[in-house]
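Peer 1: Going down the list, the sequences are from chains A and B. According to the working numbering, the residues represented by the first sequence are 10 to 481, in order. According to the working numbering, the residues represented by the second sequence are 4 to 278, in order.
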Amino acid sequence: MLEWPPWDEVASILMLRDYNTRIVVIGASLLGLGGGVIGTFMLLRKRALMSDVISHATLPGIGFAFLIMTAAGGTGKSLAGLLIGALISGTIGMGAVLLIRAQTRLKEDAVLGVVLSVFFGLGVVIMRIIQNTDMGHAAGLESFIYGKTASMLASDVYWIAIAAAIITAICALLYKEFELLCFDQDFAGSLGWRVHLMDAMMMGLVVAITVIGLQAVGLILIIALLIIPPAAARFWTHHLLQMLMISAFIGAASCLLGSLASALPPRLNGESMRLPAGATIVVFAAAFFLVSMVFGTAHGMLRRWIERFSLSRKISQQHLLRMLYEAHHGETAQRVSDPTPLSVCLPRDFLLENSTWSSGQLHGILAALRRKGEIKEPGGNMFCLTESGIRTAARVVRNHRLWEVYLVRYADIAPFHVDYSADQIEHVLGDELVAGLDRVLQSDHPGLVIPESPHPLPYGAASSAPTVGTSS
Amino acid sequence: MKKMLFPLRRTIDSGEGLGAEHPASAPVSIDDMTVAYHRRPVLWDIEYDSPEGELIGIVGPNGAGKSTLIKAIMDLVPMAAGRVRIYGEPYTRHRRLVGYVPQRESVDWDFPVNALDVVAMGRYGEIGWCRRVSRSHKDASMAALDRVGMADYARRQISQLSGGQQQRVFLARALAQDAKIYFMDEPLAGVDAATEQAIIALLQDLITGGKTVFVVHHDLQTVADYFSHLILLNMRIVASGPTREVFTEENLRKTYGGKLQLLDEASQALARGGI
Numbered sequence: 010m011l012e013w014p015p016w017d018e019v020a021s022i023l024m025l026r027d028y029n030t031r032i033v034v035i036g037a038s039l040l041g042l043g044g045g046v047i048g049t050f051m052l053l054r055k056r057a058l059m060s061d062v063i064s065h066a067t068l069p070g071i072g073f074a075f076l077i078m079t080a081a082g083g084t085g086k087s088l089a090g091l092l093i094g095a096l097i098s099g100t101i102g103m104g105a106v107l108l109i110r111a112q113t114r115l116k117e118d119a120v121l122g123v124v125l126s127v128f129f130g131l132g133v134v135i136m137r138i139i140q141n142t143d144m145g146h147a148a149g150l151e152s153f154i155y156g157k158t159a160s161m162l163a164s165d166v167y168w169i170a171i172a173a174a175i176i177t178a179i180c181a182l183l184y185k186e187f188e189l190l191c192f193d194q195d196f197a198g199s200l201g202w203r204v205h206l207m208d209a210m211m212m213g214l215v216v217a218i219t220v221i222g223l224q225a226v227g228l229i230l231i232i233a234l235l236i237i238p239p240a241a242a243r244f245w246t247h248h249l250l251q252m253l254m255i256s257a258f259i260g261a262a263s264c265l266l267g268s269l270a271s272a273l274p275p276r277l278n279g280e281s282m283r284l285p286a287g288a289t290i291v292v293f294a295a296a297f298f299l300v301s302m303v304f305g306t307a308h309g310m311l312r313r314w315i316e317r318f319s320l321s322r323k324i325s326q327q328h329l330l331r332m333l334y335e336a337h338h339g340e341t342a343q344r345v346s347d348p349t350p351l352s353v354c355l356p357r358d359f360l361l362e363n364s365t366w367s368s369g370q371l372h373g374i375l376a377a378l379r380r381k382g383e384i385k386e387p388g389g390n391m392f393c394l395t396e397s398g399i400r401t402a403a404r405v406v407r408n409h410r411l412w413e414v415y416l417v418r419y420a421d422i423a424p425f426h427v428d429y430s431a432d433q434i435e436h437v438l439g440d441e442l443v444a445g446l447d448r449v450l451q452s453d454h455p456g457l458v459i460p461e462s463p464h465p466l467p468y469g470a471a472s473s474a475p476t477v478g479t480s481s
Numbered sequence: 004m005k006k007m008l009f010p011l012r013r014t015i016d017s018g019e020g021l022g023a024e025h026p027a028s029a030p031v032s033i034d035d036m037t038v039a040y041h042r043r044p045v046l047w048d049i050e051y052d053s054p055e056g057e058l059i060g061i062v063g064p065n066g067a068g069k070s071t072l073i074k075a076i077m078d079l080v081p082m083a084a085g086r087v088r089i090y091g092e093p094y095t096r097h098r099r100l101v102g103y104v105p106q107r108e109s110v111d112w113d114f115p116v117n118a119l120d121v122v123a124m125g126r127y128g129e130i131g132w133c134r135r136v137s138r139s140h141k142d143a144s145m146a147a148l149d150r151v152g153m154a155d156y157a158r159r160q161i162s163q164l165s166g167g168q169q170q171r172v173f174l175a176r177a178l179a180q181d182a183k184i185y186f187m188d189e190p191l192a193g194v195d196a197a198t199e200q201a202i203i204a205l206l207q208d209l210i211t212g213g214k215t216v217f218v219v220h221h222d223l224q225t226v227a228d229y230f231s232h233l234i235l236l237n238m239r240i241v242a243s244g245p246t247r248e249v250f251t252e253e254n255l256r257k258t259y260g261g262k263l264q265l266l267d268e269a270s271q272a273l274a275r276g277g278i
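1. One question on the structure: do Ile184/B and Phe230/B come within less than 9 Å of each other, judged by their Cβ atoms?
2. So which residues of chain B does Gly198/A contact, with C-beta pairs closer than 7 Å?
3. For a contact defined as C-beta to C-beta under 8 Å, what are the partners of Asp118/A on chain B?
4. Could you pull the start and end residues of the alpha helix (DSSP H) that Tyr167/A belongs to?
5. Got a sec: which bits of the stretch 34-50 of chain B sit with their beta carbon under 8 Å from any beta carbon on chain A, in order along the chain?
6. Report the option in Arg26/A, Thr395/A, Leu40/A whose CA atom is closest to the CA atom of Asp165/A.
7. To the nearest angstrom, report how far apart Arg400/A and Arg418/A are at their CA atoms.
8. Of the choices Ile32/A, Ala181/A, Ala20/A, whose alpha-carbon is the least far from that of Ile47/A?
9. What's the C-alpha gap between Ser263/A and Val292/A?
10. How would you call Lys185/A, buried or exposed, if buried means at least 16 neighbouring beta carbons within 10 angstroms?
11. Return the CA-CA distance between Arg344/A and Met332/A, expressed in angstroms with no decimal places.
12. Please determine, among Glu189/B, Asp195/B, Gln180/B, Met187/B, the residue with the shortest C-alpha to C-alpha distance to Leu200/A.
13. In the DSSP assignment, find the alpha helix (DSSP H) that holds His372/A and state where it starts and stops.
14. What are the residues of the stretch 20-51 of chain A that lie near chain B, defined by any Cβ-Cβ distance shorter than 8 Å?
15. Can you find a C-beta in chain A that's less than 9 Å from the C-beta of Thr215/B?
16. Under a CB-based cut-off of 9 Å, is Thr6/A close to chain B?
17. Report buried or exposed for Asn390/A, applying the criterion of at least 16 other Cβ atoms within 10 angstroms of its Cβ.
18. Between Leu79/B and Ser268/A, what straight-line distance do the alpha-carbon atoms span, to the nearest angstrom?
19. So, is the C-beta of Glu316/A closer than 9 Å to a C-beta in chain B?
20. Taking all protein chains shown into account, decide if Tyr28/A is buried (16 or more other Cβ within 10 angstroms of its Cβ) or exposed.
21. Which word fits Leu320/A, buried or exposed, when buried means at least 16 other C-beta atoms lie within 10 angstroms of its C-beta?
22. My assumption, with CB atoms under 8 Å, is that Met36/B sits in contact with Met77/B. Please give the rounded CB distance.
23. Starting from Ala39/B and walking both ways along the beta strand (DSSP E), at which residues does that stretch end?
24. Using a C-beta to C-beta distance shorter than 8 Å, which residues of chain B count as neighbours of Arg114/A?
25. Of the residues Leu162/A, Ala174/A, Trp202/A, which one's Cα is nearest the Cα of Glu129/B?
26. Would you decide whether Phe244/A is buried or exposed? Buried here means 16 or more other CB atoms lie within 10 Å of its CB.
27. On the three-pair Cβ rule with 8 Å, is the stretch 153-165 of chain B touching the stretch 110-125 of chain B?
28. Give a yes or no on whether 9 Å exceeds the smallest Cβ distance from Lys141/B to chain C.
29. Residues in the same chain with beta-carbon distance under 8 Å from Val104/B, minus the five sequence neighbours each way, listed in chain order, please.
30. Have a look at Ala89/A and Leu189/A and give me their C-alpha separation to the nearest angstrom.
31. Is the Cβ of Thr211/B closer than 9 Å to any Cβ of chain A?
32. Looking at Leu121/A and Val216/A, is the spacing between their C-beta atoms short of 9 Å?
33. Give me the residue from Leu236/B, Pro30/B, Val151/B with the minimum Cα distance to Val101/B.
34. List the whole-angstrom C-beta distance separating His220/B from Gly68/B, where the pair is believed to meet the contact cut-off of C-beta under 8 Å.
35. With distances taken between CB atoms, is the gap from Gln327/A to Val443/A smaller than 9 Å?
36. To the nearest angstrom, how far is it from the Cα of Glu253/B to the Cα of Val38/B?
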């Protein structure tokens, strides 16, 4: 039977009353913060997978450190010693990647794959040797692979805090240097910056956070703290500083929630099912990522869908207004002297036949325009432009024809300006250019209000329109 | 020593203030430069002294080493042999005098910065490490954006700019560097006609202001109109000098037709010895 932990236990954990919980939660959050900050630069430098290589490359170092310390007569369990071993072999792994990439023609992904698997394989072999030779107390070493957040000590948190503070401080000081390095390394080099040195510094920070975080999250999952928060943050902003802050927040928040959830195990048949903290943290980070991917205000999927949908709706509505208007005024120019047309109506069937809309789509477009007061339905399946609709349609037709003229005349210069969805062509091209376009057209056709359509209208001119309805 | 003496003429003639600040020497002089990637030579025995205050086109077929030449001058690519001097001194001494416009495709335009941020990067050498971008540097960057007609787009994220606009932003960044010598890698590649005219006008403006500008260019039709001096390059310098002197059919054939000629000779040799 599945049983949730009792409320007082939940409350005591959430309020961080328990000393151990407090230690673990603070340590994990700081770790997430540091990972989110340096991870942002790694992601933008397109080196995200490099951190995975570094973390896997720490394993043989941990094994060797254990062997050396045991041979020297110790228990081999000194954490500082093990971490120094991790630091050294992580750095060697990173160096191996940089060296192989610089000296051979191998592509980056192949180099990463080779170094990662070789180092991790070596590490596994050493671990097995340690177990087989029965040095007894080797059991704790496995925790470096999968992590053991719950057993974090105050001294661990102390180190994590220092590492996170150093990383944040360096990234703040070298913000603009790292920004340029990630964006344009050639330009940075032309300024005389030592690109390799800066890369090494950035990598050094990654090695630091990796080694410090090994115990908490484990070397397999630590990459999640370096990639997922910045990747999620990118969906929310187009600005680097904001991306850094959001990434740091997501990193810290998922570590906080993950370690809390892991401290609150549900009981199955009376037995506590303690979830591994590292994996729980990654699950929370993934939740943040999914939410960001869908709802992100800068790049999110929802925003894209809405933009696409509203654009196509707007274009459909303008298209229908144009159909009504042009069916009555035809492709010849509408002159100033022409009286304002009183009846601008078309039957539903004509609209359906002369467009690509389905009956349902047309219904939706007509309903939307009716709500806006642009058209009315006097009955008999006829649809007429209202006075406001006539004005709107005239503007839409004018814009459309000006765009067409613009394309014919200036497309070779600046086609990227064309934006049919713009309400006013002047907003895109500027008053001056539009006035110029107008002038050119006026000189060809004096008295022109709406420029002539440069191509024949697909559904014929006024004379051939099937019907002209009446409206009062 | 001849390298030091030859360009004196121009500096003295033009009477530019530079002669006082720097040793009277060519803006760029290259001695015996060879560059190789993995044992394959890309540039061979490059000897060159540039004139001052001219718009210099670097022209040659694909793979001729045009980009490599300017990268090697700026120490972005290691030289196998040779020496580069800027106003008679090593490049490292006069780095601030050199501005750079890399190829537009060399960077990720989805990077989370806006146009003004990119232009401000041109001031980073001036600002120095660990310092923030101050108000005055922002103003200078804004002025540079304005000069390329992009002031209205300062806050636009760079992925939302068209190719021509991105190229203008890169030029504005170089302007913000306020250099004496500019190296531009295909600044006219993939831009629309209006932008091309605007960029050329801007380059002429720089020349009028006494700058020396090197431009990697790929369109032979416009070479004679745009550039007063040329470097015809195909692994080695085929010809260099004033455009009216070196932009000849024979030089072009040597620059572009070399590979074809070799192929012809090879096929003739095969035909003679074959069957």
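Backbone N, C-alpha and C define an ideal beta-carbon position, used for all residues, glycine too. Keep in mind that this is a model prediction, so the values were computed, not measured.
Peer 2: This is what the structure gives:
1. No. Outside cutoff.
2. Using a Cβ-Cβ cut-off of 7 Å, Gly198/A is close to Leu79 of chain B, given in chain order.
3. Under the 8 Å cutoff, chain B gives no residues; its nearest Cβ is about 17 Å from Asp118/A.
4. For Tyr167/A, the enclosing alpha helix (DSSP H) stretches over residues 163-182.
5. From the stretch 34-50 of chain B, only His41 have a Cβ closer than 8 Å to chain A.
6. For the options Arg26/A, Thr395/A, Leu40/A, the alpha carbon positioned closest to that of Asp165/A is the one of Leu40/A.
7. Approximately 27 Å, taken between the alpha carbons.
8. Considering only alpha carbons, the answer is Ala181/A.
9. C-alpha separation (whole angstroms): 8 Å.
10. Burial of Lys185/A is indicated by the presence of at least 16 other C-beta atoms within 10 angstroms of its C-beta.
11. Only weak support is given to the placement of Arg344/A: the predicted model assigns it a pLDDT of 45, under 50, and the question is left unresolved by the model.
12. Measuring from the Cα of Leu200/A, the nearest candidate turns out to be Gln180/B.
13. 368-380 is the extent of the alpha helix (DSSP H) around His372/A.
14. For the stretch 20-51 of chain A, which is checked against every Cβ of chain B, not one residue is closer than 8 Å.
15. For Thr215/B, the answer is no, since every Cβ of chain A falls outside 9 Å of its Cβ.
16. In this structure chain A extends from 10 to 481, so residue 6/A is not present and cannot be described.
17. Exposed, by the Cβ-count rule.
18. Rounded to whole angstroms, Leu79/B to Ser268/A spans 46 Å at the Cα level.
19. Output row for Glu316/A: interface = no.
20. Per the 10 Å Cβ criterion, exposed.
21. Exposed: under 16 other Cβ atoms inside 10 Å.
22. About 12 Å; that fails the 8 Å criterion.
23. 31-40 is the extent of the beta strand (DSSP E) around Ala39/B.
24. Against chain B, the beta carbon of Arg114/A has neighbours under 8 Å at His41, listed in chain order.
25. Looking at the Cα atoms, Trp202/A is the closest of the given residues.
26. Answer is buried; the Cβ neighbour count reaches 16.
27. Output reads yes: the stretch 110-125 of chain B touches the stretch 153-165 of chain B.
28. Although the question refers to chain C, the structure presented lacks it and instead comprises the protein chains A and B.
29. If we look at Val104/B and ignore the five residues flanking it on each side, its Cβ neighbours are Phe173, Leu174, Arg176, Ala177, Tyr185, Phe186, Met187, Asp188, Pro190.
30. The straight-line gap from Cα to Cα measures roughly 35 Å.
31. Not one chain A Cβ lies under 9 Å of Thr211/B.
32. For the pair Val216/A and Leu121/A, the CB atoms are not nearer than the 9 Å cut-off.
33. Checked all of Leu236/B, Pro30/B, Val151/B; the closest Cα to Val101/B is Pro30/B.
34. No, His220/B and Gly68/B are not in contact; Cβ-Cβ is about 14 Å, not under 8 Å.
35. Cβ distance not < 9 Å, so Gln327/A and Val443/A don't count as in contact.
36. If I take the Cα positions, the gap works out to 26 Å.
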